[in-house]
């Protein structure tokens, strides 16, 4: 079970979180024209890297905040966690 | 009754307390502190089971977790458990053990014929034999394999025992209470660290209990006792025996299996049987010790053949002799301690040492005690079928591959020692890449991967002095980093016997014309020749050899066989062991019960039960409940001997004719506040929300980004910047996360807050033509006329002195209202409604009537919004705004969503107006067509239309409304029904929606 550092609550067990997918995907702006290719990429296309991956998790059994987690998909090592408003490099 | 193999005084058992038990029906006794194994051996019983493949007689081999053979079916405390390790299970009064994998009895086992057919059961037998013909698989091969597979029998009774889970955090977890573990725990505890010390066995001390050593002038056992007593007195230390740390998982989480009460005769009602600990440790000391390695020789699986350290443990811990004429077969010095222990108990052993004559501290001591030592000797083959009677021994020539003199010596047990293998399982599970240590011919942990530090024998240090030193140092240093306190501890003086070098020799050759089985893995009956076959047939990777031969599989995970298997492969392949590599170590280290994994999450505790504030009333009034997620909802209220069908028809009819009330507390409710709330709703829902006035509700539809309908419900504007959203019961949690996602990540600039208020409000729907009359009696001071409170209107008013919210919304399609009061007032509201409603013919209705009402109105719900439908599929395209953007809008233009023949919602009625149409039925043109019969759609919801008094269904069907008037068949292979149906509009009752507005 992973041990995830919520930027608001501190280190918590994976049980308290739910997974939310790739955090680097950006939704096309509302009320703006978007090509169907860009839209399809946003809705369907995801990379599935082996190694470092920045992903979203929600602390559903805690503060209910969505957070960013940089995790190694092969080893589960977590390098960094951040608020969604912060950048992970 | 005497115990022929019990010593007079040695051992740590309690001789004042006799315990009676049975083995294969025979009444026996042992003492408190015995294991099943030690008690049986004391009674002279060695034949306890039959082997997996050849049904060969098997006895005990070890004295703890390493045991590969002695797995018994054990009945105790009213339950029966298979594959219980006899060397670990403590004896309790009334326990009854039986042998497994034998019929009719362990003494005479028909299956043993396999032993004589062994040339037909080589490695890969199953793969080779059951390949063809294909048609044989189901009827012949599979039943045969099933019958042969497995050892014990799992109970089919419900497990009445209690199991628990526990979450714990500590600075340092120490796994094993041998010398290095005790030292680590002690040093860390002295530094003020929060320490958990876990010991698998009932007694603390590990090898200190059996080795002839002294620490600070105390015997090993006394020193261990002293340390444990002190640790137990410290508030920052948790000391646990009967607790096996069996798994090392991600982020330094370890899982421990505690056997809480299997050894107790009496326990209180709430004492669990076993407990699973999830331990998040900052640092971990792996002091798991080592397991003795066997030497492979002919018929080495005969009962009476033991690991030499196990024989010593039986003497020193249990006061039991494994035999009175022992042969000690060793390649190293440690077995000499066993020989000396035999000698001390007036038993004369013969030592066969594969090494050439030399001297060491232990050899010299054995010599001085007059023990018969034969250097360059080994056991070729053990004689005896159900028990060792004698052994053919031989003098090894210098090449170690041929023999000088061969002779037969009498013996009743053979104690074998092939040096020691560190228990690196936990280290390996942590991700540690192991390395091969040539000095000890075994794998030891390499560079740290997580926060694991292996000490003592688990790290390949086999002397007490080193173990203690490493333990104290590591325990102190690791904890000091956490507590920032360092207490100096002087390392005690140690007196121990030094071992000389071991012989790199683990497999006895066979003389010409001798061909006994030489087993590498006892539990899976894998012999030297099986491994040779696997290699001859081209298997090279050790992982493949493992799977082909089953070497190292099963419950003992190859604890005594892995290295000998690797050694054999490396010998045959002319590689060195590290090149061959090792197979993967996986948790659990020892088998654990399924009950422990499940814990308390069974029956009612499987998940929380959510009850509405009116639940008790429903119960008292004969409600039959249905699960809606975790909620219990009344499905119908049973009057007299009514069936579900009769009751739901009565309830629904009463709503259509009079008035009914329904508990709708379970609907998801989300409070939405903030100046941008309207804009947010406008983006979340497909329809327009900017112009909804205060005091009005609106039906809304939300999509996922891929255009599929996610949920529907009404949202009411309570005040300028305050909205009350309702969701379906099932989607409540998902919708909240969905809204939070967009507010926190996608549109953080919107000033809006959302919070779930599902639990805060109790809700009741009042539906039916007489609902307004009833409402006016519930709110005598309020104008509830159609003008003052129109369809989709909202008012706040006092309900008999209690604040309440009135929504004029309808799911039933009738004139209807929904009243919300604070949860605490829910029961009050409900009882008042029942009281006032009497004059109007009010009756409560459950979810079954609710479904009937919505289905015949053509209102969609979960079965139609099934994660595959877009708004136009379910006739809700009127709610999709063309003017504004919203979540999922861009996807609605996709080609597949705009095909005319797309499956869409329709209504179905049976041609005979009688036969109800099973939900899930397939709609086909021709019921007799050849399979696969082309499917035109499926029946999503079915009911008995109370309005028209015949069955009616909703279906999602190809070409949708274009099919109206046509006839098809609704076929349900599950119910074995085929019903001819006619397609009609999905709005079967009041298609114009006049009633809700009346």
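Chains as they are written, first to last, in this note's numbering: chain W, 7 to 95; chain V, 1349 to 2346.
All C-beta atoms, glycine included, are put in the ideal place defined by N, C-alpha and C.
- A residue is called buried once 16 or more other Cβ atoms fall within 10 Å of its Cβ, and residue 51 of chain W, having fewer, is exposed.
- Nearest neighbour of residue 1946 of chain V by Cα position, chosen from V:1622, V:1405, V:1828, turns out to be V:1622.
- Beyond the five residues adjoining it in sequence on each side, residue 1501 of chain V comes within less than 6 angstroms, by CB distance, of 1430 in the same chain, given in chain order.
- Contacts with chain V at 8 angstroms (Cβ-Cβ) include residue 91 of chain W.
- Under a criterion of Cβ atoms nearer than 7 angstroms, no residue of chain V is adjacent to residue 52 of chain W; the nearest Cβ is some 13 angstroms distant.
- When only Cα atoms are considered, residue 2033 of chain V and residue 2076 of chain V end up about 15 angstroms apart.
- Rounded to the nearest whole angstrom, the C-alpha separation of residue 2259 of chain V and residue 2268 of chain V is 18 angstroms.
- For residue 12 of chain W, DSSP records a beta bridge to W:16.
- For the 8 angstroms CB-CB criterion, residue 1636 of chain V and residue 1523 of chain V form a contact.
- Close to chain W, meaning a Cβ-Cβ distance shorter than 7 angstroms, are the following residues of the segment 2079-2096 of chain V: 2085, 2088, 2089, 2092, 2093, 2094, 2096.
- With the criterion set as a beta carbon lying under 7 angstroms from some beta carbon of chain W, the members of the segment 2029-2060 of chain V are 2031, 2053, 2054, in sequence order.
- A residue is called buried once 16 or more other Cβ atoms fall within 10 Å of its Cβ, and residue 2114 of chain V is buried on that count.
- Runs of the alpha helix (DSSP H) lying entirely within the segment 17-68 of chain W, each at least 4 residues long, are 42-50 in chain order.
- Residue 1413 of chain V sits buried, since 16 or more C-beta atoms from the chains shown fall within 10 Å of its C-beta.
- By alpha-carbon distance to residue 1568 of chain V, the top candidate from V:1578, V:1577, V:1555 is V:1555.
- For residue 2176 of chain V and residue 2020 of chain V, the gap between their C-alpha atoms comes out near 27 angstroms.
- Taking 8 angstroms as the threshold, the shortest C-beta distance from residue 75 of chain W to chain V does not fall below it.
- Between the segment 1684-1696 of chain V and the segment 1569-1576 of chain V there are fewer than three inter-stretch CB-CB distances shorter than 8 angstroms, so the stretches are not counted as touching.
- For the 8 angstroms CB-CB criterion, residue 1519 of chain V and residue 1833 of chain V do not form a contact.
- Two segments are said to touch when three or more pairs of C-beta atoms, one from each, lie closer than 8 angstroms; by this definition the segment 1405-1422 of chain V touches the segment 1434-1452 of chain V.
- Contacts with chain V at 8 angstroms (Cβ-Cβ) do not include residue 65 of chain W.
- In this structure, residue 1705 of chain V keeps its C-beta atom at 8 angstroms or more from the C-beta atom of residue 1846 of chain V.
- In the structure shown, the three-state DSSP call for residue 1798 of chain V is coil.
- For residue 70 of chain W, the chain V residues whose C-beta falls within less than 7 angstroms of its own C-beta are 2088, listed in chain order.
- Around the beta carbon of residue 1807 of chain V, 16 or more other beta carbons lie within 10 angstroms, which makes this residue buried.
- Of all residues in the segment 1597-1609 of chain V, the ones placed with a Cβ closer than 8 angstroms to any Cβ belonging to chain W are 1597, 1598, 1599, 1600, 1601, in chain order.
- When rounded, the separation of the alpha-carbon atoms in residue 1591 of chain V and residue 1373 of chain V is 31 angstroms.
- If you compare the alpha carbons of V:1779, V:1870, V:1392, V:2199 with that of residue 1642 of chain V, the shortest gap goes to V:1870.
- Across the segment 31-61 of chain W, CB contacts with chain V closer than 7 angstroms involve 33, 36, 37, 40, 45, 49, in sequence order along the chain.
- Under the Cβ criterion of 8 angstroms, residue 1628 of chain V is counted among the residues facing chain W.
- Looking at W:46, W:44, W:61, W:43, the one whose alpha-carbon comes closest to that of residue 73 of chain W is W:61.
- Unbroken beta strand (DSSP E) stretches of 3 residues or longer found wholly inside the segment 2276-2345 of chain V: 2285-2293, 2298-2305, 2315-2320, 2325-2332, given in chain order.
- A distance below 8 angstroms separates the beta carbons of residue 1427 of chain V and residue 1503 of chain V.
- Closer than 8 angstroms to the CB of residue 9 of chain W there is at least one CB belonging to chain V.
- Comparing alpha carbon positions, the residue from W:94, W:95, W:86 closest to residue 17 of chain W is W:86.
- Runs of the alpha helix (DSSP H) lying entirely within the segment 1890-1957 of chain V and spanning at least 4 residues, in chain order: 1890-1897, 1910-1921, 1925-1928, 1942-1946.
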